[in-house]
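> For the sequence shown, position 247 (counting from the first letter as 1) is numbered 247 according to full-length UniProt numbering, and the numbering increases by one without interruption.
One structure coming up, written as structure tokens, with questions to follow.
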Amino acid sequence: MVNLPSLPGELIIAIMEFAEWSDILRMQRCCKVLKSSSQARSVWVALLHRYYLTVFPRPFLLPKPLEHCTSTLQVNTEEHKKLVTIPGGRFILYSAHKGSVYYQDPQNGSNAPPDLLIQSPFHDSLTRCAVKMTFSFEPLFPRDIDFLKCEALEDQWFPQSLNLVLTWHSYGTTFPDVPETVIEVVGGDLAIIFNEDPYGVIISCAILGDKVAYGMPGAMLDNTPAVVVVNWAGLNRGSFPDHRVYLPIDPAENLMLLPESRIMVVYRQSIEIWSLAQGTPLYALPPSRRQRVLSVVPDWMKLFDCPIRPPRNAFALLSQGIHINRPIEVVRLVQGKYKLAGADNLQWYGYRKGASGFNRSHLVLQYSWPNNIPFAGMAQIIPEQYKKWVCTYFHFDKSLNRIQTSNEHTLQYHVVNLINKAVI
């Protein structure tokens, strides 16, 4: 490695084309020569060609076809409970107060408000409080081997469509303590919709192929927390899913179905994987009618020294084993007087820019990594007259330097354009 920077640039790039992902990231930090060489398009195309035939369905999720991509990081992984970017980072979904889902293209120059995409099953009901909902995506990649041989790489792995699973949870008005839960799977058209047992709030969900998983912490102390897996493709519309797998494990907001009938849950200080075979028999009773059972031991577990708060769907599983992205650098974004948000739904961070709203200190941040000399963290205060329009859940468009937000109660949509000059 000591003599590598002295080689011709073409030879360095040729060597990097055979390097592993982690090695390329390490070489980026050595010197300017290696960092510049690592950004060559051929390096990342070679890496993609080596790994694109993995068993995991989304190891590389491109924001646009490969021929139009660069070697810089472009995929957004940020999402919140009521605002989520569709895989690829271009489009946004909002969840309104009653659970209806709205669709928005942030790059639309007309600044048009979001369009109604999916109407909530509780849209015309008088609910006691806001409808709780979660959603998850499965990009539909081609699985046919012959297709992989015939089509170009960018056509194989740029997802043209996806499946979307949504879960709604609402408390009734006639019987305020009795919840109602609805699960819906959407493709090009509505695929299936069914009700779940009135057992507790669904805090997470995932979809892969014909399976849907969702985590239910339990409504009362005598209820057992559970992760439920349902074969949605075999259900009749509106029917209760008797054919199901019931795993007596603690759910979490980060839940993912894996190939080969496995499921992964990301906790604050651990990542754990179970086999669906560890669950109850397929024909199981609803959660509220089951007796308390002991939790099952995971097939695989990784403990961390300190709590983690990862964005959902930010993991890469490769064919050689399980590779979980770990930070190669930890930096203090902004020095000095500014206080950042203390809650997930009050902040948004990308690779070089972010936004935070906490204790009336609405900030837009611009930062760099220590190896990108000179290092300078800057904070730009959102103008006072615009702060009232920045709601709890927002999207910060880095390229256009503006904040887009939707008020879930009034359904008002706001765009706040920011000045270019940063305030330090």
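Heads up, the beta-carbon is just placed ideally off N, CA and C, and yes, glycines get one too.
All of these numbers come straight from a predicted model, not from anything done at the bench.
What is the residue span of the beta strand (DSSP E) that K353 lies within?
First-last of the beta strand (DSSP E) with K353: K353 to S356.
> Report the option in S42, I203, G209 and I202 whose CA atom is closest to the CA atom of V186.
Residue G209 is the option with its Cα nearest to V186.
> Nearest by alpha-carbon distance to F122: which of S38, D115, I263 and T167 is it?
Measuring from the Cα of F122, the nearest candidate turns out to be T167.
> Where do the ends of the alpha helix (DSSP H) carrying L11 lie?
Here the alpha helix (DSSP H) through L11 covers G9 to M16.
> In the DSSP assignment, find the beta strand (DSSP E) that holds R262 and state where it starts and stops.
Counting along the chain, the beta strand (DSSP E) containing R262 begins and ends at R262 to V266.
> Might you give, ordered along the chain, the residues of its own chain that have their beta carbon closer than 6 Å to the beta carbon of C205, omitting 5 neighbours on each side?
Taken in chain order, the residues that qualify are T134, S136, V165, T167 and Y214.
> Tell me whether the beta-carbon of D250 lies closer than 8 Å to the beta-carbon of W274.
Their beta carbons are not under 8 Å apart, which means D250 does not touch W274 by this criterion.
> Does the beta-carbon distance from V212 to I183 come in below 8 Å?
Taking 8 Å as the Cβ cut-off, V212 and I183 qualify as a contacting pair.
> Using a Cβ-Cβ distance cut-off of 8 Å, determine whether W44 contacts chain C.
Any reference to chain C falls outside this structure, which holds one protein chain only.
> Put D250 into one of helix, strand or coil per three-state DSSP.
Reduced to three states, the DSSP call for D250 is coil.
> Please go through the same chain and pick out, in chain order, the residues whose beta-carbon is closer than 6 Å to the beta-carbon of G279, but skip the five residues on each side of it.
Hits under 6 Å: V245, Y246 and L247.
> Going by DSSP, which residues form a beta bridge with F194?
DSSP, once it has assigned bridges, lists I183 as partnering F194.
> Short check: CB of T302 to CB of K353, under 8 Å?
According to the sequence displayed, residue 302 carries Lys and not Thr. No. Outside cutoff.
> Under 8 Å between the Cβ atoms of M16 and S37?
It is a contact, given that the beta carbons lie within the stated cut-off.
> Please classify L400: does DSSP put it in a helix, a strand, or coil?
Coil, per DSSP.
> Does DSSP classify H123 as helix, strand or coil?
Three-state result, H123: coil.
> So the candidates are Y103, S170 and Q404; which of them puts its Cα closest to the Cα of Q347?
Out of Y103, S170 and Q404, Q404 has the C-alpha closest to the C-alpha of Q347.
> Would you report the Cα separation of A96 and Y102, rounded to the nearest angstrom?
Their Cα atoms are separated by approximately 8 Å.
> L34 and I13 look like a contact to me (Cβ under 8 Å); what is the Cβ gap, rounded to whole Å?
L34 to I13, Cβ: 10 Å. No contact.
> Applying the 10 Å Cβ sphere with the 16-neighbour rule, what's the burial state of residue 425?
Limits of the chain in this structure are 1 at one end and 424 at the other, which puts residue 425 out of reach.
> Do P248 and the ligand MN come close, with the Cβ less than 7 Å from some heavy atom?
As for the ligand MN, it is missing from this structure, which has no ligand bound.
> Residues in the same chain with beta-carbon distance under 6 Å from Q104, minus the five sequence neighbours each way, listed in chain order, please.
Result list for Q104: I92 and P114, in chain order.
> What is the rounded straight-line gap between the Cα of G9 and the Cα of S42?
Those two C-alpha atoms are separated by around 13 Å.
> Quick one: give me the first and last residue of the alpha helix (DSSP H) that D23 is part of.
That run of the alpha helix (DSSP H) goes W21 to Q28.
> Would DSSP call Q278 helix, strand or coil?
The answer is helix: DSSP assigns Q278 an H, G or I state.
> Thinking C-beta only, is V229 closer than 8 Å to S170?
Taking 8 Å as the Cβ cut-off, S170 and V229 do not qualify as a contacting pair.
> Counting along the chain, where does the beta strand (DSSP E) carrying S204 start and finish?
It spans S204 to L208 - the beta strand (DSSP E) in which S204 sits, taken as one unbroken run.
> Look at the Cβ atom of residue 446, then the Cβ atom of P217, and state whether they are nearer than 8 Å.
As shown, the chain starts at 1 and ends at 424. That puts residue 446 outside it, with no answer to give.
> Within 10 Å of its beta-carbon, does L116 have 16 or more other beta-carbons around it, so buried, or fewer, so exposed?
L116 should be labelled exposed.
> Mapping DSSP to helix, strand and coil, what is V43?
Reduced to three states, the DSSP call for V43 is helix.
> What first and last residue would you give for the alpha helix (DSSP H) that runs through K32?
K32 -> alpha helix (DSSP H) spans K32 to S38.
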